[in-house]
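Following: one structure in structure tokens, then a few remarks.
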Amino acid sequence: MNAAIIFGLLLALMLTGMPISISLGLTVLSFLFFMTDVPIDAVALKLFTGIEKFEIMAIPFFILAGNFLTHGGVARRMINFATSMVGHWHGGLGLAGVMACALFAAVSGSSPATVVAIGSIILPAMVAQGFPKNFGAGIVTTSGALGILIPPSIVMVMYCVATTGHPQAASIGQMFIAGVVPGIMLACFLGFTTWFRARKFGYPRLPKASLKQRMHALRESFWGLLLIIVVMGGIYSGIFTPTEAAAMAAVYAFVVAVFVYKDMPLRRVPKVLLDSASMSAMLLYIITNAVLFSFLMTSEQIPQNMAAWILDQNMGVWVFLLVVNIILLAAGNFMEPSSIVLIMAPILFPVAMKLGIDPVHFGILIIVNMEVGMCHPPVGLNLYVASGITKMGITELTVAVWPWLLTMLIFLGLVTYVPAITLWFPRLLGFM
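Position one of the sequence shown corresponds to residue 738 (the working numbering), numbered consecutively onward.
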């Protein structure tokens, strides 16, 4: 009964158009004030201690690094490198867009940043070369979603924060390494869809780049690509923690953008800092209220009761994972990824653990669901970002993305029911 009241109130507040973070906070305060004896001053304490976690500091640093890279010419050089490598295949520029999105995802940690950085450069080039606008828009919208699967990923950090406290919770390092193989696989799947459609419709190809041109493009993009090695290599060699790696990435991105590539004058740095602070504050406010909501869930024993009910129904792992996918895809219709992870992970995670599902596999499954959610209406975040770049309507974009969206759904099925895709690489490196 209490669960119905809590979720009913939350849904009612969200349907009024109220921001999700405020809806979460108001739901908790209303329920605690009218339905329980929990002192309200305990809420203030929980609000403060909820984000008093070292891991959360990684989020503003990764946002800052992504903003420096987006404005600092790194994306353009990555596109040039990708074009030199695959531009001569069918749909060359489209394939270069997929590859560039994958490379930029490995340094930014954010899907919207990847769509903006790569899309704003490659889409005009594709249209100028004779590609239909909807073909390019479909590629960038869906490939940009790689930003939250290929590590480092802000949403992975949020999953770890949301499940902290559970004895089986995965670490950020484990999640990052587990995202490598699925991320590369999904990039290949999207690339194949791009190549197949380009070949089918006879879209243009570029002349094959010479070895000299490829080496020049590699030299030009070297400092951006090196960030992947600095962040991932630093974490897995034990030189620094994921949070320290995020701080290192922010400093490195600043140096590369301002002093190495010199694409960003010093006078633009304050604006980048201000934009990053604004985005970080928004996410931290969502996290704070989501932690409060999780506290309410736990105090009302809702996850534990749900786990007991599912176990009583003799629901197998296969059926449970199917139900989780349906719930998360449905949530993606009206919420953005950060909120879904912070609300749903604390509820679903204990049930998954009781059914013997690996916490890392479950985390990657949630992330892939979030990727799909970012690319379908009505609240697909990537759709809105791509709409701003392409000047296309959401309905038109929805039609444009369907071949790649279908590919992502097939990949989601594979990740859900073949755990080895996620777990093979971390086990090989001894991280599990």
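For glycine and all other residues, C-beta sits at the position ideal for the given N, C-alpha and C.
The structure displayed is predicted, hence computed values, not measured ones.
Cβ shell of residue i (< 6 Å), same chain only, five flanking positions each side left out
i: Ile1077; result: Ala1068
i: Val765; result: Leu1029, Phe1030, Leu1033
i: Glu1037; result: Asn739
i: Trp960; result: Val993, Val997
i: Ala837; result: Met815, Ile816, Ala819, Ile855
i: Pro941; result: Gln866, Gly867
i: Ala1082; result: Tyr896, Ala899, Thr900
Residues near residue i by beta carbon distance below 7 Å, same chain, minus five either side
i: Thr931; result: Gly828, Gly831, Leu832, Val835, Ile876
i: Gln905; result: Met1090, Pro1096
i: Phe841; result: Ala812, Met815, Thr851, Ala854, Ile855
i: Phe770; result: Ile777
Residue i, enclosing alpha helix (DSSP H) - first and last residue
i: Trp932; result: 917–938
i: Trp1139; result: 1131–1154
i: Lys790; result: Lys790 -> no alpha helix (DSSP H), and no H or E assigned at all.
i: Thr1035; result: 1006–1036
i: Ala741; result: 739–752
i: Ala802; result: 795–808
i: Pro849; result: 848–866
i: Leu1003; result: Neither: Leu1003 is in no alpha helix (DSSP H) and is coded neither H nor E.
i: Trp1161; result: 1157–1165
i: Arg956; result: 948–965
i: Glu1073; result: Element bounds for Glu1073: n/a, residue is neither H nor E.
i: Leu1118; result: 1118–1127
i: Lys870; result: 870–880
i: Ser845; result: 829–845
i: Phe996; result: Looking at the DSSP string, Phe996 is not in any alpha helix (DSSP H), and its letter there is neither H nor E.
Exposure of residue i, with buried meaning 16 or more beta-carbon neighbours within 10 Å
i: Trp1046; result: exposed
i: Gln911; result: buried
i: Leu1003; result: exposed
i: Phe996; result: exposed
i: Cys925; result: exposed
i: Trp1139; result: exposed
i: Pro888; result: buried
i: Met755; result: exposed
i: Tyr989; result: buried
i: Ser1015; result: exposed
i: Gly1100; result: buried
i: Ser947; result: exposed
i: Gly920; result: buried
i: Trp1055; result: exposed
i: Leu1079; result: buried
i: Thr1135; result: buried
i: Val1155; result: exposed
Contacting residues, own chain, Cβ-Cβ under 8 Å from residue i (five flanking each side not counted)
i: Ala987; result: Phe798, Phe799, Leu801, Ala802, Phe805
i: Arg1005; result: His808
i: Val775; result: Leu769, Ser1036
i: Val1060; result: Met1052
Contact belief for residue i with residue j at Cβ below 8 Å, rounded distance in angstroms
i: Phe818; j: Ser958; result: 4 Å
i: His903; j: Phe1168; result: Not quite, the Cβ-Cβ distance comes to about 18 Å (not below 8 Å), so this is no contact.
i: Ser880; j: Gly846; result: The Cβ separation is near 15 Å, so there is no contact.
i: Ile914; j: Phe1162; result: 6 Å
i: Ala874; j: Met1129; result: 6 Å
Chain C contact for residue i (CB, 8 Å cutoff)
i: Phe1057; result: In the displayed structure, chain C is absent; only one protein chain is listed.
Check: residue i C-beta below 7 Å from any heavy atom of the ligand FMN
i: Ile1101; result: In terms of ligand content, the structure shown is empty, and the ligand FMN therefore cannot be addressed.
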